[in-house]
Amino acid sequence: MKIFAISGLGADERVFDYLTLDHEIVPIRWIVPRKKETIIAYSERLIQEYKILDENEYAILGVSFGGLIAIEISKMVNPKWTILISSVETRSELSSIIKLLGKSKLLNLIPKEILKPPPFIAQFMFGTNQRILLKAILKDSDLTFTKWALKELTNWKNETKLPNLIKIGGSKDRLLPPRGNNTILIEHGAHFMIVDKAEEISNILNEKLKNEHISKK
Numbered sequence: 001m002k003i004f005a006i007s008g009l010g011a012d013e014r015v016f017d018y019l020t021l022d023h024e025i026v027p028i029r030w031i032v033p034r035k036k037e038t039i040i041a042y043s044e045r046l047i048q049e050y051k052i053l054d055e056n057e058y059a060i061l062g063v064s065f066g067g068l069i070a071i072e073i074s075k076m077v078n079p080k081w082t083i084l085i086s087s088v089e090t091r092s093e094l095s096s097i098i099k100l101l102g103k104s105k106l107l108n109l110i111p112k113e114i115l116k117p118p119p120f121i122a123q124f125m126f127g128t129n130q131r132i133l134l135k136a137i138l139k140d141s142d143l144t145f146t147k148w149a150l151k152e153l154t155n156w157k158n159e160t161k162l163p164n165l166i167k168i169g170g171s172k173d174r175l176l177p178p179r180g181n182n183t184i185l186i187e188h189g190a191h192f193m194i195v196d197k198a199e200e201i202s203n204i205l206n207e208k209l210k211n212e213h214i215s216k217k
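Each step along the sequence shown adds one to the number in my numbering, with nothing skipped, and position 206 is 206.
Written out as structure tokens, the structure reads:
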């Protein structure tokens with residue numbers, strides 16, 4: 001089974017190198033958003049770009065902002081599982097600050113150049129000691145994409161809950177704190193736990209996917 005994996009905002013497919021899953025990971029790379037493109041239209045293009053509908057059995061995995069894309073893709077296709085890591089399932093799980101930022105339209109006025117935080121701030125917000133990796137990922141970030149993604153995050157409308165969902169959150173996540181009683185909690189996991197807690201996350205997913213597979217026979 002293929003797991004189509006979508007990284008977070010300000011990150012890329014390098015974060016999936018740390019996972020050791022029993023299934024094939026297919027990283028989905030960010031494509032350039034079109035002018036005024038919605039997150040739904042963007043997700044539709046990713047489905048076509050990666051020919052997801054051609055697969056018989058697959059999962060969609062999303063980290064952070066990639067989790068929002070994973071939700072939108074899953075609503076349009078039929079994955080066996082949708083997996084969220086350090087992300088949210090619905091708009092109601094977003095913090096009040098994020099929602100307020102969307103309503104204020106402040107992001108429209110902010111130059112994209114100031115959306116790349118200094119390394120020490122990024123390290124604090126992501127909660128990681130992986131300074132070299134985080135700095136390299138942030139250095140390669142496309143600020144035009146970052147601004148688009150932040151606007152889509154703050155204005156996300158989804159309230160649909162998926163039945164085949166595996167959601168993993170970190171107890172120390174400062175950016176998207178875990179919400180909902182369906183979250184598998186990683187103690188001391190921060191927003192970058194896809195790397196820092198990769199072994200623990202891999203074990204949870206391998207066990208969960210194995211048990212789900214057996215139960216659906």
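Every residue, glycine too, gets a C-beta built ideally from N, C-alpha and C.
TODO: Verify whether the separation of the beta carbon atoms of I98 and L68 is less than 8 Å.
DONE: no
TODO: Count the other CB atoms, across all protein chains shown, that sit within 10 Å of the CB of H225; report buried if there are 16 or more and exposed otherwise.
DONE: There is simply no residue 225 to check, as the chain begins at 1 and stops at 217 in what is shown.
Open item on the list: On the criterion of 16 or more Cβ atoms from any shown chain inside 10 Å, does I110 qualify as buried, or is it exposed?
Closed with: exposed
TODO: Specify the secondary structure class of P27 as computed by DSSP and reduced to three states.
DONE: strand
Task: Option nearest S87 by Cα separation, candidates E24, F124, K139, G180 - done: G180
TODO: Specify, as a first and last residue, the run of the beta strand (DSSP E) that F4 falls within.
DONE: 2-6
Task: Three-state class that DSSP yields for G127 in the structure shown - done: Three-state result, G127: coil.
TODO: Tell me whether the beta-carbon of H191 lies closer than 8 Å to the beta-carbon of F145.
DONE: No, they are not a contact pair.
Task: Cβ shell of A5 (< 7 Å), same chain only, five flanking positions each side left out - done: F16, I25, V26, P27, I28, L61
- [ ] Evaluate the contact criterion for the segment 167-186 versus the segment 137-144: three or more CB pairs, one atom per stretch, below 8 Å.
- [x] no
- [ ] Have a look at I166 and W81 and give me their C-alpha separation to the nearest angstrom.
- [x] In this structure, the CA atom of I166 is about 7 Å from the CA atom of W81.
Open item on the list: Tell me the DSSP secondary structure of T144 in three-state form.
Closed with: In the structure shown, T144 sits in a helix (DSSP, three-state: H, G or I).
Open item on the list: For L100, report the span of its beta strand (DSSP E) as first-last.
Closed with: No beta strand (DSSP E) holds L100; the alpha helix (DSSP H) holding it covers 96-104.
- [ ] Report the three-state DSSP secondary structure of K210 (helix, strand or coil).
- [x] helix
TODO: Using only alpha-carbon positions, find the residue among S43, S92, I83, L143 that is nearest to S202.
DONE: I83
Task: Identity of the residues DSSP links to V63 by a beta bridge - done: I85
Open item on the list: Please list the terminal residues of the continuous beta strand (DSSP E) segment that includes I186.
Closed with: 183-186
Task: Separation of T128 from L107, as counted between CA atoms - done: 26 Å
Open item on the list: Per the DSSP calculation, Y58 is bridged to which residue(s)?
Closed with: Bridge partners of Y58: K2.
TODO: Can you have a look at I73 and say buried or exposed, based on whether 16 or more other CB atoms are within 10 angstroms of its CB?
DONE: buried
TODO: Give the secondary structure of I73 by DSSP, where H, G and I count as helix, E and B as strand, and everything else as coil.
DONE: helix
- [ ] Can you say whether S95 is buried or exposed, counting buried as having 16 or more other CB atoms within 10 angstroms of its CB?
- [x] exposed
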